[in-house]
Amino acid sequence: MDSVLPPGLSLVSVLSLLACGVQVLAAVLLTHRYGGRSSAEDRWVLLWLFYDVIVHLTLEGPFVYMSLVGTVETSEGPLAELWKEYSKADRRWLTSDPTIVSIEILTVVLDSLLCLLLIHAVLKDKYYRHFLQVSLSMCELYGGWMTFCPDWLIGSPHLDTSNWLHLWVYLVFFNGVWVLVPVLLLVQSWFSLRRLHRLGPDDDVKKRKTM
């Protein structure tokens, strides 16, 4: 089977990418089911949030479990094979690196909770929506920084960038998404909060006139 695939791809890598596609599809279906009455902009936000929490719970959650009871390297099963495939790009995920596991514990617990609360806040137009959105975005960006900065400072000995799939898909694309989207959400929150601030004085004037 591997012999008929393009160079650099294996059956495991193809199945891993297909699994990621299934996660995106699940996020699309959830957005369609629950976000139909939201604005077009908020539907994009919901799509990301559903995908985000799905990844945290179905991929990173099992990684944390495997790393706490052993290592990915010694684990078996489809999810272990997926993480073994990713570890070809970053070997730290194979051996329960303390920094990586610590970040992932925080991500699975805190970020998943923030995602779920933010989904509720977006759907119900809650006043605390942008507080949660800024908090989640900063957590995601901090997690990305602490995942790679410690390794960069020692010359990136654990990263394999010699293979196009490892570099551009596993490292750049999949990690870059968790940089780009949180930045866009921060920008959206900035403009939304600025609009609310500009509306504030007018509302105060109206209240004084009605008193």
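Residue numbers (full-length UniProt numbering): 1 to 211.
Here a beta-carbon is modelled for each residue, glycine too, at the ideal position from N, C-alpha and C.
The structure displayed is predicted, hence computed values, not measured ones.
* In chain order, what residues of the same chain lie with their CB nearer than 6 Å to the CB of valine 181, ignoring the 5 residues before and after it? -> Leaving aside the five residues that flank valine 181 on each side, the residues in its chain whose CB is nearer than 6 Å to its CB run, in chain order, Trp48.
* **CA-to-CA distance, isoleucine 154 to leucine 29, given in whole angstroms** => Cα-Cα distance, rounded: 42 Å.
* **Which listed residue (Ala19, Cys149, Ile54 and Arg37) has its alpha carbon closest to that of valine 109** => Checking every option, the nearest Cα to that of valine 109 belongs to Ile54.
* Please state if the CB of valine 134 and the CB of aspartate 42 are separated by a distance shorter than 8 Å. => Inclusion of aspartate 42 and valine 134 in the CB contact set at 8 Å is not warranted, their separation being larger than that value.
* Are valine 72 and leucine 94 touching if we call contact CB-CB under 8 Å? -> Between valine 72 and leucine 94, the C-beta spacing is below 8 Å.
* How about tryptophan 44: is its C-beta nearer than 8 Å to some C-beta of chain B? -> Chain labels in this structure do not include chain B; a single protein chain is all it has.
* Spatial neighbours of glycine 143 in its chain, beta-carbon cut-off 6 Å, leaving aside the 5 residues before and after -> Excluding residues within five positions, the ones whose Cβ falls inside 6 Å are Ile103 and Thr107.
* To do: Name the two residues that bound the continuous alpha helix (DSSP H) containing histidine 158.
  => No alpha helix (DSSP H) contains histidine 158, which DSSP labels as neither H nor E.
* Just mark leucine 76 as buried or exposed, buried being the case when its beta carbon has 16 or more other beta carbons within 10 Å. => The sequence as given places glutamate at residue 76; leucine does not occur at that position. That one is exposed.
* To do: Excluding the 5 residues preceding and the 5 following leucine 185 in the sequence, name in chain order all residues of the same chain whose CB lies nearer than 6 Å to its CB.
  => Gln133 and Ser137.
* To do: Look up leucine 113 in the DSSP assignment and say whether it is helix, strand or coil.
  => Taken through DSSP and simplified to helix, strand or coil, leucine 113 comes out as helix.
* To do: State buried or exposed for valine 183, treating a residue as buried only when at least 16 other CB atoms are found within 10 Å of its CB.
  => Valine 183 is exposed by the Cβ-count criterion.
* To do: Go through its chain and collect everything with a Cβ distance to lysine 84's Cβ below 8 Å, but skip five positions before and after it.
  => Cβ neighbours of lysine 84 beyond the five flanking positions: Val12, Val72, Glu73 and Leu94.
* Where do the N-terminal and C-terminal ends of the alpha helix (DSSP H) with arginine 43 fall, by residue? -> Segment 40 to 55, the alpha helix (DSSP H) holding arginine 43.
* **Proximity winner among Asn163, Tyr86, Thr147 and Thr31, relative to valine 179 (alpha-carbon distances)** => The shortest Cα separation from valine 179 among Asn163, Tyr86, Thr147 and Thr31 belongs to Thr147.
* Asked: Whose CA, out of Ser189, Val172 and Ser192, lies closest to the CA of tyrosine 86?
  -> The shortest Cα separation from tyrosine 86 among Ser189, Val172 and Ser192 belongs to Val172.
* Residue range of the alpha helix (DSSP H) that includes serine 13 -> Where serine 13 is concerned, the enclosing alpha helix (DSSP H) starts and stops at 11 to 34.
* To do: Look up methionine 211 in the DSSP assignment and say whether it is helix, strand or coil.
  => Confidence at methionine 211 is low in this model, with a pLDDT of 46, below 50, so its placement is unreliable and the value that follows should be read with caution. Note: methionine 211 maps to coil in three-state DSSP.
* Count the other CB atoms, across all protein chains shown, that sit within 10 Å of the CB of proline 157; report buried if there are 16 or more and exposed otherwise. => Exposed is the call here.
* Which residues mark the beginning and the end of the alpha helix (DSSP H) in which serine 75 is found? -> Serine 75 -> no alpha helix (DSSP H), and no H or E assigned at all.
* Would you mind stating whether cysteine 139 and leucine 114 have Cβ atoms separated by less than 8 Å? => Taking 8 Å as the Cβ cut-off, cysteine 139 and leucine 114 qualify as a contacting pair.
* State yes or no: is the C-beta of histidine 166 within less than 8 Å of the C-beta of alanine 89? => Taking the C-beta atoms as reference points, alanine 89 is found nearer than 8 Å to histidine 166.
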